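Novice: Counting the sequence shown from 1 gives a position; this note's numbering is that position plus 95.
Ideal placement from N, C-alpha and C gives every residue a C-beta, glycine not left out.
This one's a predicted model, so the numbers in the text were calculated from it and none came from an experiment.
Just passing along the structure, written as structure tokens.
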Amino acid sequence: MTLRLDVALNERSYPIFIGQGLLDRPECWIDTIRSNQVMIVTNTTVAPLYLERIRLALTGKQIATVILPDGEQFKNLDTLDQIFTGLLQSRHNRTTTLVALGGGVIGDMTGFAAACYQRGVDFVQIPTTLLAQVDSSVGGKTGVNHPLGKNMIGAFHQPRCVIIDTDTLNTLADNQLAAGLAEVIKYGLILDLNFLQWIEANLDSLQARNPAILAEAIRRCCEIKAQVVSEDETEQGKRALLNLGHTFGHAIETYSGYGSWLHGEAVAVGTLLAADLSQRSGWLEKSDIERIKRLFLRAQLPLTPPPAMTSADFMRLMAVDKKVLDGQLRLILLRQLGDALVTEQFSTTALAATLDAAILDATALATQALDT
Ligand code: NAD
Ligand code: GLY
Numbered sequence: 096m097t098l099r100l101d102v103a104l105n106e107r108s109y110p111i112f113i114g115q116g117l118l119d120r121p122e123c124w125i126d127t128i129r130s131n132q133v134m135i136v137t138n139t140t141v142a143p144l145y146l147e148r149i150r151l152a153l154t155g156k157q158i159a160t161v162i163l164p165d166g167e168q169f170k171n172l173d174t175l176d177q178i179f180t181g182l183l184q185s186r187h188n189r190t191t192t193l194v195a196l197g198g199g200v201i202g203d204m205t206g207f208a209a210a211c212y213q214r215g216v217d218f219v220q221i222p223t224t225l226l227a228q229v230d231s232s233v234g235g236k237t238g239v240n241h242p243l244g245k246n247m248i249g250a251f252h253q254p255r256c257v258i259i260d261t262d263t264l265n266t267l268a269d270n271q272l273a274a275g276l277a278e279v280i281k282y283g284l285i286l287d288l289n290f291l292q293w294i295e296a297n298l299d300s301l302q303a304r305n306p307a308i309l310a311e312a313i314r315r316c317c318e319i320k321a322q323v324v325s326e327d328e329t330e331q332g333k334r335a336l337l338n339l340g341h342t343f344g345h346a347i348e349t350y351s352g353y354g355s356w357l358h359g360e361a362v363a364v365g366t367l368l369a370a371d372l373s374q375r376s377g378w379l380e381k382s383d384i385e386r387i388k389r390l391f392l393r394a395q396l397p398l399t400p401p402p403a404m405t406s407a408d409f410m411r412l413m414a415v416d417k418k419v420l421d422g423q424l425r426l427i428l429l430r431q432l433g434d435a436l437v438t439e440q441f442s443t444t445a446l447a448a449t450l451d452a453a454i455l456d457a458t459a460l461a462t463q464a465l466d467t
């Protein structure tokens, strides 16, 4: 069965198709590709797994391919240039379509290349990680990292469609599945307490990759994301809620060197920091924090930041977050589980206490690991 959701954005509206075996069923989605020229962008890990099937699905079109090195450390302007070179070498014109085949790194870079090439061409997303299927492939945020800040160079550019073949998750490594679960849990925490309860009840099945349960989680995440993006495409307000834990998480990723921490892992720790600050700000209960911790622990996600990272490191790196306005840091906090807000109304003393407590926990954990 194929499920269809729609991101409603007037003339930039597009469908999200979710189903098993969609890579081999182009009849569901091929009409969303308007051009004869297509450029498939993928990486060295995903190409041997899925490239031939996409090439077959696109039979009849003029197909070119760019295979990028794999890893967050390659999500930068240098690697982006390989896409532009491939497009120019194959004489692709402004009616071409770029096809992003891979995880969030490939999706973000391909989308950004599509936003820039000849001032904007079509692209479609074929996300193959859980994280990309529930989050990054939907909503049109595209871009690359800079050594001084994560995702700091980019554009809003919506895809023509998103094709989610849930079978592709069968080849995903366990830690990558866990990273995706961090974003799934995020949706429950920010906007949907019922969904959070559903995740708690179904986490074992999600980890066992039960296809029906995975498809249901992906459906609900895409539904929430499509709704938020339709209301606030360029993040003037509500869309920022989707960044729960990301300000702290991006600081961890930049500090550690891109690729050392998975994005979802950093988001999990960042979410716990945001939850801790929410509790110190008088919103969440201590029992709520314990509940979130239990869920992340079950999902095999980290709970503490890198042990050597200091509060000063966090503050320095968070100062370049995209949510900073006029030098004022804004964070996504939780009023209660299932109800998030964007705010600058937190005390700097409370933020310092949150960071100090997490760093103490990280140091204790590192010492414990050395002793055993
Ligand atoms: P990723 O793209 O690095 O993929 C993770 C790993 O899995 C890679 O090694 C990849 O090659 C491999 N892989 C992909 N599909 C596979 C499959 N089916 N089987 C086996 N291996 C597979 O990481 P990710 O977690 O997908 O995405 C993280 C990126 O997404 C970050 O750069 C983050 O900033 C970005 N992101 C963007 C948005 C957005 O709205 N644009 C939202 C969230 C995250
Ligand atoms: N991943 C956050 C957003 O798309 O806004």
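Report the three-state DSSP secondary structure of Asn63 (helix, strand or coil).
Specialist: The structure shown does not extend to residue 63, since the chain is modelled only from 96 to 467, so the question has no answer here.
Novice: For Lys245, name the three-state secondary structure that DSSP assigns.
Specialist: DSSP places Lys245 within a strand segment (E or B) once states are collapsed to three.
Novice: Which ranges would you report for the alpha helix (DSSP H) in the stretch 367-452 if only whole runs of at least 4 residues count?
Specialist: 381-393 and 406-413
Novice: List the whole-angstrom C-beta distance separating Ser376 from Ala274, where the pair is believed to meet the contact cut-off of C-beta under 8 Å.
Specialist: Not confirmed; about 28 Å, so no contact.
Novice: Please indicate yes or no: does the CB of Asn246 lie closer than 7 Å to some heavy atom of ligand 1?
Specialist: yes
Novice: If Asp176 sits next to Thr139, beta carbons under 8 Å apart, how far is it from one beta carbon to the other, in whole angstroms?
Specialist: Not quite, the Cβ-Cβ distance comes to about 17 Å (not below 8 Å), so this is no contact.
Novice: Helix, strand or coil for Pro222, going by three-state DSSP, please let me know.
Specialist: strand
Novice: DSSP on Asp262, reduced to helix/strand/coil?
Specialist: helix
Novice: Taking 7 Å as the cut-off, is the beta-carbon of Leu337 closer than that to any non-hydrogen atom of ligand 2?
Specialist: Yes; taking the cut-off as 7 Å, the Cβ of Leu337 has a heavy atom of ligand 2 nearer than that.
Novice: Give me, in chain order, the residues of the same chain whose beta-carbon lies closer than 7 Å to that of Ala227; leave out the 5 immediate sequence neighbours on both sides.
Specialist: Excluding positions up to five away in sequence, the list reads Gly198, Gly199 and Gly202.
Novice: Taking the C-alpha atoms as reference points, what is the distance between Glu360 and Glu147?
Specialist: 31 Å
Novice: Starting from the C-beta of Ile387, find all residues in its chain whose C-beta is less than 6 Å away, skip the five residues before and the five after it, and write them out in chain order.
Specialist: Ala370
Novice: Rounded to the nearest angstrom, what separates Val257 and Leu309 at their Cα positions?
Specialist: Taking the CA atoms as reference points, Val257 sits about 17 Å from Leu309.
Novice: Which residue from Leu390, Ala447, Asn105 and Val133 puts its Cα closest to that of Asp408?
Specialist: Ala447
Novice: Using the three-state DSSP reduction, which class does Met134 fall into: helix, strand or coil?
Specialist: When DSSP states are grouped into helix, strand and coil, Met134 belongs to the strand group.
Novice: Under 8 Å by Cβ, that's how I've got Leu196 and Val233 pegged, so tell me the actual separation to the nearest angstrom.
Specialist: About 16 Å separates the two Cβ atoms, so there is no contact after all.
Novice: In this structure, how does DSSP classify Ala303 when only helix, strand and coil are distinguished?
Specialist: coil
Novice: Of the residues Thr180, Arg186 and Ala312, which one's Cα is nearest the Cα of Asn131?
Specialist: Arg186
Novice: Compute the Euclidean distance between the alpha carbons of Cys123 and Phe218, then round it to the nearest angstrom.
Specialist: 17 Å
Novice: Check Ile178 in the structure and name its three-state DSSP category.
Specialist: helix
Novice: Between Gln168 and Phe441, what straight-line distance do the alpha-carbon atoms span, to the nearest angstrom?
Specialist: 33 Å
Novice: Could you pull out every residue in the same chain whose Cβ sits closer than 6 Å to the Cβ of Val194, ignoring the five residues on either side in sequence?
Specialist: Val133, Ile135 and Val219
Novice: If you count every other CB in all the chains shown that lies within 10 Å of the CB of Ala142, and 16 or more means buried, which is it?
Specialist: buried
Novice: Going straight from the alpha carbon of Val468 to that of Glu330, what length do you get?
Specialist: Examination of residue 468 is not possible in this model, given that the chain is present from 96 through 467 alone.
Novice: Looking at the strands, I want to know which residues DSSP matches up with Tyr109.
Specialist: Val102
Novice: Tell me whether the beta-carbon of Pro402 lies closer than 8 Å to the beta-carbon of Thr458.
Specialist: yes
Novice: Please classify Leu288 as buried or exposed, where buried requires at least 16 other C-beta atoms within 10 Å of its C-beta.
Specialist: exposed
Novice: Sorted by chain position, which residues of the same chain lie with C-beta nearer than 8 Å to Lys156's C-beta, five sequence neighbours on each side aside?
Specialist: Ile128, Ser130, Asn131, Gln132 and Val133
Novice: Could you check what DSSP says for Ile454 in three-state terms: helix, strand or coil?
Specialist: helix
Novice: Looking only at DSSP bridge pairs, what is Ala159 linked to?
Specialist: Met134, per the DSSP bridge assignment.
Novice: Could you tell me which residues DSSP pairs with Val279 in its beta bridges?
Specialist: DSSP, once it has assigned bridges, lists no residue as partnering Val279.
Novice: Return the CA-CA distance between Ala208 and Phe391, expressed in angstroms with no decimal places.
Specialist: 34 Å
Novice: Just to check, is the beta-carbon of Lys236 closer than 7 Å to a non-hydrogen atom of ligand 2?
Specialist: yes
Novice: Heavy atom of ligand 1 less than 7 Å from the Cβ of Val200, yes or no?
Specialist: yes
Novice: So, at 6 Å on beta carbons, what are the nonlocal neighbours of Lys283 in its own chain, with the 5 sequence-adjacent residues on each side left out?
Specialist: The displayed chain sequence assigns Gly, not Lys, to residue 283. For Gly283, where only same-chain residues beyond five positions count, the Cβ hits under 6 Å are Phe290, Leu291 and Ile294.
Novice: Which one or two residues does DSSP pair with Thr192 in a beta bridge?
Specialist: Val133 and Asp217
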